[in-house]
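Written below as C-alpha cells is the structure these notes are about.
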Ligand SMILES: Nc1ncnc2c1ncn2[C@@H]1O[C@H](COP(=O)(O)OP(=O)(O)OP(=O)(O)O)[C@@H](O)[C@H]1O
Ligand SMILES: [Mg+2]
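Protein chains in written order, with my numbering: chain A, 37 to 403; chain H, 129 to 688.
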C-alpha cells in the first residue's frame, strides 16, 4: 500500500531533500505518494520536518533536491499563488482588517469570480462550518474554535483539490478539539478533498487519517493506516511513538520461519516475530502492547514461552486495570486488563508468570 | 459567565443570562445586562484613572498650563486699561468712528495717566503695545514721557516765583500729609524697615481733590519704589498742575487749615491777568502733533477693553476698524500666506517621508534580526548628531557651489553658469526636513510592520493572490496604522519646526514658527505670537479631528 504506482498518485514527493543552512538536511530523501481523496497525516516530534514538507508542497519553501508532483505535473517552479492549494495555518492567519465574509470572499475575488456567485459561495462555505451568522464579524471578535472554522472555510471556499493543515487544532481545548477533528474528517470525506494534515498529537493522527506518515529526523519512519501503524510498527521509534508500549532488550538466539526466539538479558527466552532483525546473535528490542500481555495460563497457547514477573503496582482506572510489573529487570512493564466480572486483580508483591501470542511481540531494531 | 456575545456554538447552560420583555439581556441580579456591563467598566476606568492621577497632574501643570497661558496671552489686553485708567474711563463715550478729537476731560485724564506712567517707566511698554496697532505710537509715548513735565513746569515756575516753599519738600508734605504720619516719618530710620505709609491730612481731599490724588500718588511712589522720604523730595510738577486746577475751579476761600495763607496767595496769583496757563491739549500738541490727530485716541479707545480679538485679527491679516474687523491691504498680508505655506510644506514633507520610509521599514522588518539591528543603528545615527550640524550639512550639499551642483556640472547635466538654486527656498527646506524627520516615520512604521506575522502573506498567497494583491490587500492595510502614527508624528513636528527652515529656508521656505519666534524674541509682541501659536494649535487639532473621521484614530499604532 505504501508504494502505489505513480499513475494514480495525486501528490508525489520524489527523493525530496531540504536544507535551510546548507549544512544539515532537515528533510532527508522524502518519498511519498498520495491518491486523490486521501486524508494523510504527518505525525512526528517537534522539529522533525513536518512543517517544512508542508511548506514545500505549498510553495513557500523550495526543495533543495528532488521533485514534487501535483496531479502528475512538477510544481517546483510554480509560485504558491498558482498552485491552488488550500491551506489552514496553525494560528489561522485570518486577515484581521477584513470581516469574516471578506476573508472568505478574498480567494474568490482574486480569482475574479462575479459578485453574486461569490456571495453564494461564501454563504455556502459559512453554512458548511455552521458559522452562517458570523459573516459580519471581525476575526478578533471570534473565539478560537470559531476562528478555526473560518480558517477552514476560507481554505475550502475556492474548492481546492488539495488542502494542507498545519496543526490547525493546536490552540483548542480537548473537547473542542475532538469535535473539530470529527468535523474536519467529515468535511474532507464529504467533499472528497485530498488532505495533508500535520500534527504531533498521535490520537488525532490515528482517529482522523486514512494513512499516517510518522516523521523523525527528516525521514518518514513508517507510512501506514492507523491500525497497521499501531499493531505492526516497523521500527522501535514508531513503536515507542505511537501508543503505550513495553520493551524488553535481548539477543536473537534462533530464527525459525517467521518467528524467532529472543534471549532476554536475564537469561529467560521469549517468542517474537522478527521485523527488522535477520541474524542470530543480533541485539534486539522487543515490543509488546500492554493490552496483549496475558497472565492467566488458560488464555495462552500451551507452547508459548512464559516469563517471570513481579507485581509492583496495581492501578484501578475504571474501565481497565493497569498493573505495573518488573520483568527481566524492566520496572516499567505495564499490562492492561479489561474490568470484567471474572477479571483477576493482582496484588503488589505477587510473583506471576506472563506470556503473549508470538505475533503480538515484535523484535525490532535495538537503537 | 454572562457572556453577551455567546455564539451559536457556545452553549449557555449555567449562564444566568435571560432576556427581558424588550429582548435585552438580563444579568443574574435582574439589572439589564448592558447596564451592569457599563457599571463594571466604569469602575475599572475609575480605578485606572486614580492610578494615573499623579501623572495627570504633572501633565496638567507642565503641558496644559503653558498652553492655557499662551491662549490667555493671545487675548489678554490689560496693559492699556492699567496704564491709562483715567483716560480709558474718560474715553468711554468717545466715538471712535468719527473724526473728532476727544474733549478736554480726556486730555486732562491722559495728562495724569501719562505723567504717572512716565514716572513708573511704564509708558514705553504701552507705547510698544500700541505700536503693534498703530505705527508711531511707540515713539510718541517715548517722547511724551520726556515732554510731559513741560506742562506742569509752567505752573511750578510761577508758584515758585510767588513763594519759594512751593518748590520745597517739607512745606508740601506739611500741607498735604497727616501730622501723625509726618511725626512717624521723621522718627523713622533705615533700620526700622518699611517706612510708615503716607496718609493724607484729614479734610484736604475735600478742598484740593486733584492735588491730594497727585500728591498721594507721588508720596506713595517715593516710599515704595524709590525708598525716599516724601519729606525730603520735591513733588512732581503734576502736583502743581493739580493745585492750579483745584484752586482755579473751586477756590480756597472756605479753607482755614494749615497753609491757608499760601493757598490764598496762589488763588490771588491765579486770578491776576498775568498768570500764564496752558490747555492740556496744547501741551500735548507741543510734545507731539500726533496727539491732536484723532487716530491715536481711536486706537487707545479700540484697545481699551481688558480682552481683545486684536491679536487674532492680526494673525489672520485683519485689523480692527471702526466698522468691525476688516482684512488688511493686499500688500500687508503675510500670515495667511505663511500658514498656507506651512501646511502645504508640512504635507509635502510628510508625504515624502512616507514614500521614503515605507520601503526602509519594510526591509527592516523582513530582514533577519541581526541585519535589521545593524540597519536600525544607521536609521538612528542621525539622532546622534546635532540637528544644527545636519541642517548645515544640507547647506553644504545643496548650495550653488555645493557638492550636488558640482557633481551635476561635472557630469555636464547643468551648465556652470546656471547652477541650480536648491537652498534658501522651499526645496531646500523640504529636502532637509524630510531627512531630519525621516526616523520619526520609520520607527512607528517598523514597529507596526514587525508585528505583522508572515503567515498573513503566506495565507494570502495560498489563497491565490499575486504578490501585488497580497501586498495591497493584505500587507498594506495592516501597515496603515504605522503610516498613520508616523504621519501624525512627522506632520505635527514639521508644522512647528523652527531651526531647519530658519537656516535653509531663506525667505520663501520659512514657516509660521519662524514668525512666532521673531515675535517672541525680536518684536516682543507676545500677544501676536500667542495668537499665531493658538491658531497653529487649532489647525493641528482640526487636522487631527479630520484624520480621526477619515482614518480613525484607533488605526494609529506605535507598535504591538
Ligand atoms: N526558516 C528556517 N530556517 C532555518 N531552519 C529552519 C527554518 N524552519 C525550520 N527550520 C529547522 O528545520 C527543522 C524542521 O522544522 P519544522 O518546522 O519543519 O519542524 P516541525 O516538524 O514542523 O516541528 P513542530 O512540530 O515543532 O512544528 C527544525 O530543526 C528547524 O529548526
Ligand atoms: Mg511545524
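Idealized CB from N, CA, C, for every residue including glycine.
### Query
Near residue 614 (chain H), what residues of its chain come up, given a Cβ to Cβ distance below 8 Å and the 5 sequence neighbours on each side ignored?
Counting only Cβ-Cβ distances below 8 Å, and skipping sequence neighbours, we find 481, 482, 485, 568, 569, 570, 571, 572 and 573.
Problem set entry | Any non-hydrogen atom of ligand 1 closer than 7 Å to residue 268 (chain A) Cβ | no
**Message:** Taking the alpha-carbon of residue 381 (chain A) as reference, which of A:368, A:208 and A:348 has the nearest alpha-carbon?
**Reply:** A:348
For residue 89 (chain H), collect the residues of the same chain with a Cβ closer than 7 Å to its Cβ; drop the 5 residues on either side in sequence, then sort them by chain order. For chain H, the structure presents residues 129 to 688; residue 89 (chain H) sits outside this window and is missing.
Distance cut-off 7 Å: residue 88 (chain A) Cβ against heavy atoms of ligand 1
yes
Any 3 or more C-beta pairs closer than 8 Å across the segment 284-294 of chain H and the segment 339-349 of chain H: no
Note to self: If you follow the alpha helix (DSSP H) that residue 658 (chain H) is in, where does it begin and where does it stop?
What the structure shows: Here the alpha helix (DSSP H) through residue 658 (chain H) covers 654-678.
Excluding five sequence neighbours on each side, which residues of the same chain lie with their C-beta closer than 7 Å to the C-beta of residue 322 (chain H)?
-> none
Report task. Kindly indicate if chain H contains any beta-carbon less than 8 Å away from that of residue 129 (chain A). Result -> Chain H places a beta carbon closer than 8 Å to that of residue 129 (chain A), counting this residue as a contact.
Rounded to whole angstroms, what's the CA-CA distance from residue 173 (chain A) to residue 594 (chain H)? Just pull it up for me. 26 Å
Query raised in the report: What is the DSSP secondary structure of residue 348 (chain H), reduced to helix, strand or coil?
Result: helix
Step through the CB atoms of chain A and report whether any lies within less than 8 Å of the CB of residue 456 (chain H). no
Fill in: Residue span of the alpha helix (DSSP H) that contains residue 335 (chain H), given as start and end
332-335
### Query
Is the segment 457-471 of chain H in contact with the segment 598-609 of chain H, if contact means three or more CB pairs nearer than 8 Å?
no
Pick from A:334, A:371 and A:328 that is closest to residue 345 (chain A), judged by C-alpha positions:
A:371
- request: Check whether the Cβ of residue 594 (chain H) lies closer than 8 Å to any Cβ atom in chain A.
  value: yes
| query | What is the rounded straight-line gap between the Cα of residue 221 (chain A) and the Cα of residue 186 (chain A)? | reply | 16 Å
| query | In whole angstroms, what separates the C-alpha of residue 273 (chain A) from that of residue 258 (chain A)? | reply | So the alpha carbons of these two residues sit roughly 9 Å apart.
Should the segment 81-91 of chain A be regarded as contacting the segment 51-64 of chain A, the criterion being three or more beta carbon pairs within less than 8 Å?
yes
| said: Is residue 679 (chain H) close to chain A? Criterion is C-beta to C-beta, closer than 8 Å. | reply: no
Mind checking which residues open and close the alpha helix (DSSP H) that includes residue 255 (chain A)? Premise fails: residue 255 (chain A) lies in the beta strand (DSSP E), 255-260, not in any alpha helix (DSSP H).
Q) For residue 576 (chain H), which residues in chain A fall below 7 Å Cβ to Cβ? A) Going along chain A, no residue has its Cβ under 7 Å from residue 576 (chain H), so there is no contact; the nearest lies around 12 Å.
In the DSSP assignment, what are the bridge partners of residue 435 (chain H)? H:204
Beta carbon proximity, residue 605 (chain H) to chain A, threshold 8 Å = It does; some Cβ of chain A falls within 8 Å.
- Item | Contacts that residue 121 (chain A) makes with chain H (C-beta to C-beta distance below 9 Å) | Residues of chain H passing the Cβ test: 590.
| said: Along the chain, where does the alpha helix (DSSP H) containing residue 390 (chain A) start, and where does it finish? | reply: Unbroken run through residue 390 (chain A) is the beta strand (DSSP E), 387-390; no alpha helix (DSSP H).
Could you check whether residue 639 (chain H) and residue 470 (chain H) sit closer than 8 Å to each other, using their CB atoms as the reference points?
yes
Nearest to residue 119 (chain A) by alpha carbon, out of H:588, H:213 and H:671? Residue 119 (chain A) has its Cα closest to that of H:588, out of H:588, H:213 and H:671.
Between which residues of its own chain and residue 493 (chain H) is the CB-CB distance below 8 Å, once the five residues before and five after are set aside? 500, 574, 577, 578 and 580
* Asked: Using the beta-carbon count (16 or more within 10 Å), is residue 225 (chain A) buried or exposed?
  -> exposed
Could you tell me the distance, in whole angstroms, from the CA atom of residue 236 (chain H) to the CA atom of residue 364 (chain H)? Taking the straight line joining both Cα atoms gives about 16 Å.
Check: Looking at the structure shown, is residue 162 (chain H) part of a helix, part of a strand, or coil, going by DSSP?
Finding: Helix.
query: From which residue to which residue does the alpha helix (DSSP H) around residue 630 (chain H) run?
result: Residues 627-632.
7 Å Cβ cut-off: residues of chain A touching residue 583 (chain H): 125, 127 and 129
| task | Taking C-beta pairs closer than 7 Å, name the residues in chain A that residue 602 (chain H) reaches, listed in chain order. | result | Within 7 Å Cβ-Cβ: 131.
Margin query: Could you check if residue 62 (chain A) belongs to the surroundings of ligand 2, using beta carbon to heavy atom distance under 7 Å?
Written below: no
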